[in-house]
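Enquirer: In this note's numbering, the protein residues as written are 1 to 424.
Idealized CB from N, CA, C, for every residue including glycine.
Here it is: the structure, laid out below.
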């Protein structure tokens, strides 16, 4: 009798059978992404399809964290995955561990995505660019030890500047793991610390061939390098991410070697030119100092100590004569000025005294004219009453028996009111 399975048993057995096939554990599958969804958990769900078929795929968060670009529908990719089934539904699907772009369109998209990301972080900023030494003593080459690029760089460095020590730090520059290999070589050169400059690159090739220099791990290794880095990727018209991050970009490995060191012949000519300029400047300076010394000697010969003393004695005599002749004249001038001031003071005092006498006489006359005594002298009298001597100007203010004090021009008298006459 045939074995009867439950659905769960069948699905689990299908899963076990698929998991047991060795060739299904590391498949490389090419396809186009559709139905893509990035879950909040960090897992990525998608369908891989071609013109004839489709298969579901999932990339768990731990693997998705290593993605170097953003996935999107329509992107052609190559995935590394294992084939298994989901026991709950029995659906066969791919469990993806790695995704790389496939084709120029996908590569360009990944390039632009990474470029925008690193630029936003400031990795391309000029303020982080380190200066390239003009005459390096030691040069590190991070490249393949077997390519034409390393031979060209060593040949040009030896011809232009044989004084520099050239050290090769071998790296894989193409294929799976190339970016990590380049990053390790750059880190090793920094750890040893002998190099003054690093030349990092390879010869030309397709975009896929050069892709290791567009990887984020390569870019961050170049940015983290404390030693200046010259990118030396063999492609003239285009740029790699490494070119943007490097301290200096060269169009080819040969061009990088020429930028890294001066030309020996040109440098020797420059030194000879400097030597000639130094000799000319020294001769000119010596001649200037000689003329200055001759001038000082001539001046000293014309100024003996006795001649100097005689000049000072004559100057002292002239000063003394001017001083003695100036004192009497100054005294006479001050005496005349003092007499003038005295005359002006006397004249001003007499004139002021006369004016004050006139004003005093006028004031006395005015006061005399306004004096009550002058009124009394014309036969009038002033009547007051009471202890306060209130002046009486109206008869109505009196009553019989009041005592009045009468002031005449000469003398006074007290009298009693016996009769009052008022104006009608």
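1) If you follow the beta strand (DSSP E) that residue 418 is in, where does it begin and where does it stop?
2) Does DSSP put residue 387 in a helix, in a strand, or in coil?
3) How many Å lie between residue 148 and residue 190 at the Cα?
4) Spatial neighbours of residue 36 within its chain, please: C-beta separation below 7 Å, excluding the five flanking residues on both sides.
5) Can you check whether the CB of residue 130 is closer than 8 Å to the CB of residue 247?
6) Mind the definition here: the stretch 282-301 touches the stretch 179-195 only if three or more C-beta pairs lie below 8 Å; say whether that holds.
7) Helix, strand or coil, according to DSSP, for residue 392 in the structure here?
8) Three or more beta-carbon pairs under 8 Å between the stretch 95-108 and the stretch 157-169, yes or no?
9) For the beta strand (DSSP E) holding residue 62, just list the boundary residues, first then last.
10) Suppose contacts are defined by Cβ-Cβ distances below 8 Å. Is residue 83 in contact with residue 24 by that definition?
11) Quick one: which unbroken beta strand (DSSP E) runs of 3-plus residues sit fully inside the stretch 155-192? Chain order, please.
12) With a CB to CB cut of under 7 Å and the five nearest residues on each side skipped, what residues in its chain are close to residue 166?
13) Tell me, which residues are paired with residue 28 by DSSP?
14) Using C-beta distances below 8 Å, list every residue in its chain close to residue 374, excluding the 5 sequence neighbours before and after it, in chain order.
15) Around the C-beta of residue 309, are 16 or more other C-beta atoms found within 10 angstroms, so that it is buried, or is it exposed?
16) In or out: residue 31 buried (at least 16 other Cβ within 10 Å) or exposed?
17) Exposed or buried, what is residue 230 when buried is set at 16 or more other beta-carbons lying within 10 Å of its beta-carbon?
18) Pick helix, strand or coil for residue 128, following the three-state DSSP scheme.
19) Give me the Cβ distance between residue 144 and residue 202, rounded to the nearest whole Å; I'm assuming they're in contact under 8 Å.
20) Reducing DSSP to helix, strand and coil, say where residue 123 ends up.
21) Label residue 22 either buried or exposed according to how many other C-beta atoms from any shown protein chain fall within 10 Å of its C-beta, with 16 as the threshold for buried.
22) Determine contact between the stretch 218-227 and the stretch 85-94, defined as no fewer than three beta-carbon pairs at a distance below 8 Å.
23) Taking 8 Å as the threshold (C-beta atoms), are residue 227 and residue 261 in contact?
24) Between the Cα of residue 51 and the Cα atoms of 38, 76, 394, which residue gives the shortest distance?
25) Secondary structure at residue 325, three-state DSSP: helix, strand or coil?
26) Note the first and the last residue of the continuous beta strand (DSSP E) segment covering residue 49.
27) Using three-state DSSP, classify residue 94 as helix, strand or coil.
28) Which class does residue 333 belong to by DSSP, given the choice of helix, strand or coil?
29) How far does the beta strand (DSSP E) with residue 9 in it extend, from its first residue to its last?
30) Do residue 208 and residue 107 have their CB atoms nearer than 8 Å?
31) Among the residues of its own chain, which have a CB less than 8 Å from the CB of residue 10, if the five just before and after it don't count?
Expert: Here's the rundown:
1) For residue 418, no beta strand (DSSP E) segment is defined, and its DSSP state is neither H nor E.
2) coil
3) 25 Å
4) 46, 71, 72, 73
5) yes
6) no
7) Three-state result, residue 392: coil.
8) Verdict: no, contact absent.
9) From DSSP, residue 62 is part of no beta strand (DSSP E) but of the alpha helix (DSSP H) over 61-64.
10) yes
11) 165-170
12) 139, 141, 154, 157
13) Paired residues: 80.
14) So the list reads 368, once near-sequence residues are dropped.
15) exposed
16) buried
17) Counting Cβ neighbours within 10 Å, residue 230 comes out buried, since at least 16 surround it.
18) helix
19) 6 Å
20) coil
21) exposed
22) no
23) no
24) 76
25) helix
26) 44-49
27) strand
28) helix
29) It is not in any beta strand (DSSP E) - residue 9 instead sits in the alpha helix (DSSP H) that spans 7-20.
30) yes
31) 90
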